[in-house]
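Okay, structure first, notes after.
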Amino acid sequence: MHTPGTLHVVATPIGNLGDLSPRALEILRTVSAICAEDTRHTRQLLAHFGLERPLLALHQHNEDAQAQQLVARLRAGDSLALVSDAGTPLVSDPGFRLVRAARAEGIRVSPVPGACAAIAALSVAGVPSDRFVFEGFLPAKAAARRERLGQLASETRTVMFYESAHRIEETLADMAAVFGGARRAVIARELTKLFETVLDGELTALQAQVAGDPNQRKGEFVVIVEGAGEDEDARIREGQRLYAKLSEYLKPSQAAKLAAELSGAPRKALYSLGRDDAEA
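Just so we're aligned, residue 1 is where the sequence shown starts under the UniProt record's numbering, counting upward by one.
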């Protein structure tokens with residue numbers, strides 16, 4: 001009877017190739033195959049370190065179908081590595097279905113820690129880091145993005161997002177509108193790469209800084225927003241209470257606008273309430 005193999009979940013660099021750990025190199029060198037989100041990208045990484053291993057594509061479009069085949073290989077004794085294009089797998093990347101399927105079969109799943117853009121950004125942001133939430137990428141469509149932000153407006157923990165270059169301006173504008181322009185935030189761009197920058201300040205100022213500098217609209221971004229303070233949280237709760245009462249007599253949009261004016265809460269923090277009621 002075969003001894004089952006191990007599924008190694010291997011973190012890869014987010015930029016600087018020197019961040020690939022010796023242990024990760026050894027695992028990648030010795031596994032039977034490597035499951036990669038983009039085999040072309042991973043092949044380049046392996047080539048840099050002089051490694052040649054079989055690569056298997058595992059992405060959001062084929063993970064369900066591939067998972068059972070890969071589990072069968074693990075049961076037969078093969079050890080496999082799971083990597084994403086950059087950073088720690090499963091953090092806004094595919095892989096959890098394979099991990100879940102392997103664990104359900106009693107197969108050992110072992111982490112090989114390393115770089116993670118969100119945690120790297122948090123470590124240099126200078127914001128409260130004892131309690132935080134990771135939201136990944138916001139919705140691409142403006143209305144859905146504002147609605148999600150409205151749901152987070154009263155969140156007291158530090159909130160972290162990933163964002164792309166072609167949406168960073170719109171996202172910052174929406175954050176300033178929903179959270180309030182005075183809310184402090186940090187933008188970490190191209191971490192560990194040649195043009196790494198970390199900007200901090202109020203959302204309105206950061207929005208203007210990014211809008212005014214094309215270089216700050218290139219690359220990959222982590223946006224970290226400080227949680228709502230007690231005063232702000234109280235204003236939002238009061239705004240929600242007022243909205244609930246006013247909406248009994250006014251249209252949802254009118255109720256949200258008036259509740260924001262009376263409570264001092266950011267108007268768009270109540271936007272999703274009015275929108276939800278209008279669609280109900």
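Idealized CB from N, CA, C, for every residue including glycine.
Distance between residue j and residue i (C-alpha atoms, nearest Å)
i	j	result
Leu203	Thr6	45 Å
Leu262	Ala57	55 Å
Leu122	Ser129	7 Å
Ala142	Arg167	10 Å
Leu206	Glu226	14 Å
residue 326	Lys251	Residue 326 is absent from the model: the chain starts at 1 and stops at 280.
Ser164	Phe221	6 Å
Arg40	Val133	32 Å
Glu26	Leu51	10 Å
Pro4	Ala76	6 Å
His61	Leu172	30 Å
Leu191	Gly219	9 Å
His59	Asp213	34 Å
Leu46	Glu147	41 Å
Pro139	Ala188	20 Å
Gln66	Ile236	46 Å
Pro111	Ser92	17 Å
Glu248	Phe179	26 Å
Glu170	Gln209	13 Å
residue 353	Asp174	Look at the range of the chain in this structure, 1 to 280, and you will see that residue 353 is not part of it.
Pro54	Asp38	13 Å
Ala260	Ser253	11 Å
Leu90	Leu82	10 Å
Ala24	Glu232	44 Å
Asp78	Ala120	33 Å
Ala280	Arg217	For Ala280, the pLDDT reaches just 46, beneath the cut-off of 50, and the residue's location in the model is therefore unreliable, although a value from the coordinates is still provided. Whole-angstrom Cα-Cα distance: 38 Å.
His2	Leu28	22 Å
Pro22	Ala144	43 Å
Ala72	Gln44	28 Å
Asn215	Ile34	35 Å
CA nearest to the CA of residue i, picked from the options
i	options	result
Gln85	Pro13, Arg189 and Leu98	According to the sequence as given, residue 85 is Asp; it is not Gln. Among Pro13, Arg189 and Leu98, the Cα nearest to that of Asp85 is on Pro13.
Arg241	Gly106, Gly264, Ser92 and Val112	Gly264
residue 361	Ala255, Ile236, Ala125 and Ala234	For the chain, the structure presents residues 1 to 280; residue 361 sits outside this window and is missing.
Glu238	Arg267, Pro214, Asp213 and Ile224	Arg267
Thr88	Phe49, Ala117, Ala101 and Ala67	Ala117
His48	Arg73, Val99, Asp78 and Leu17	Leu17
Arg131	Asn215, Ala120, Met160 and Gln216	Met160
Thr107	Asn215, Ala144 and Gln68	Looking at the sequence shown, residue 107 is not Thr but Ile. Ile107 has its Cα closest to that of Gln68, out of Asn215, Ala144 and Gln68.
Closer than 7 Å: residue i CB and nearest the ligand NAD heavy atom
i	result
Leu149	Annotation note on the ligand NAD: not contained in the displayed structure, which lists no ligands.
Beta-carbon proximity of residue i to residue j, cut-off 8 Å
i	j	result
Ser32	Leu70	no
Ala176	Asp19	no
Ala36	Thr30	no
Val124	Val9	no
Gly136	Tyr162	yes
Gly150	Ala228	no
Ile224	Ala182	no
Ala104	Leu74	no
Arg100	Asp64	no
Lys257	Gly15	no
Pro113	Ala11	yes
Chain C contact for residue i (CB, 8 Å cutoff)
i	result
Ala228	This model lacks chain C altogether, as it is built from one protein chain only.
How do the region 186–198 and the region 143–155 stand: do at least 3 beta-carbon pairs fall below 8 Å, yes or no?
With the rule of 3 Cβ pairs closer than 8 Å, the region 186–198 does not count as touching the region 143–155.
Unbroken stretches of the alpha helix (DSSP H), 4 residues or longer, contained in the region 115–175:
117–125 and 142–152
Segments assigned alpha helix (DSSP H), at least 4 residues, entirely inside the region 186–218
203–211
At 4 residues or longer, and completely inside the region 53–96: list those alpha helix (DSSP H) runs for me, N to C.
63–75
Please list the segments of the alpha helix (DSSP H) lying wholly inside the UniProt domain "RsmI HTH" (238–272), counting only runs of 4 or more residues, in order along the chain.
252–263
Secondary structure, beta strand (DSSP E): runs of 3+ residues fully inside the region 19–59
33–36 and 55–57
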